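Numbering (the working numbering), first residue to last: -9 to 180.
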């Protein structure tokens, strides 16, 4: 039996093995159930689902952040911001907060009108797409966390620094309230 993984949207992916041009094995997930299927994760690899529900097999990433630091960010967003839906992703040396592209309340209302409250909660996650909005970066050889937000100005379209400090909790407390608010776009740092 081939290894299967069901993502947040309820799509079931199957693990495949292929070959690179140089003859080395490569691994990938696909919705197709035919091909060279494998039944276990190769040593040194892990399943990764990105915030928009795409599924990959990737090499195991080194752990840069402690569970406590990740919990600090997650609980801080729940406590200090008004947003209800968000995804936290860790990439390299960054804890990235992704917010839905859609108005969650309006999408939920539409789904409720079509099929009741139970149906809306089940299908809401399958419809949402996410964009990275804020991140906490730990630079090499530094105790500091750098807070950055995504800048949507056409001339920039990149991360901009807002603040830095050793106390992650106070940074989350200071900047999480701006997530999903107009004030987010007025944040500028140094």
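We put the beta carbon where it would ideally sit given N, CA and C, even for glycine.
Bear in mind the structure is a predicted one, so any value in this text is a computation, not a measurement.
- Counting C-beta pairs with one atom in each stretch, the region 161 to 175 and the region 60 to 76 have three or more that are closer than 8 Å, which means they touch.
- Per DSSP, residue 75 has no beta bridge partner at all.
- Beta bridge pairing from DSSP links residue 36 with 48.
- With a threshold of 16 other beta carbon atoms within 10 Å, residue 4 meets it and is buried.
- Here residue 85 is actually not in contact with residue 77; their C-beta atoms are around 11 Å apart, not less than 8 Å.
- Taking residue 162 as the centre and dropping the five residues before and after it, the same chain places the C-beta of 62, 63, 66, 67, 70 and 126 closer than 8 Å to its C-beta, in chain order.
- Residue 179 has its alpha-carbon roughly 43 Å from the corresponding atom of residue 2.
- Beta-bridge analysis with DSSP links residue 13 to no other residue.
- Bridge pairing for residue 103: absent [DSSP].
- As DSSP reads the structure, residue -6 sits in a beta bridge with 4.
- Contact check for residue 129 and residue 136: beta-carbon distance about 7 Å, within the 8 Å limit, so the pair qualifies.
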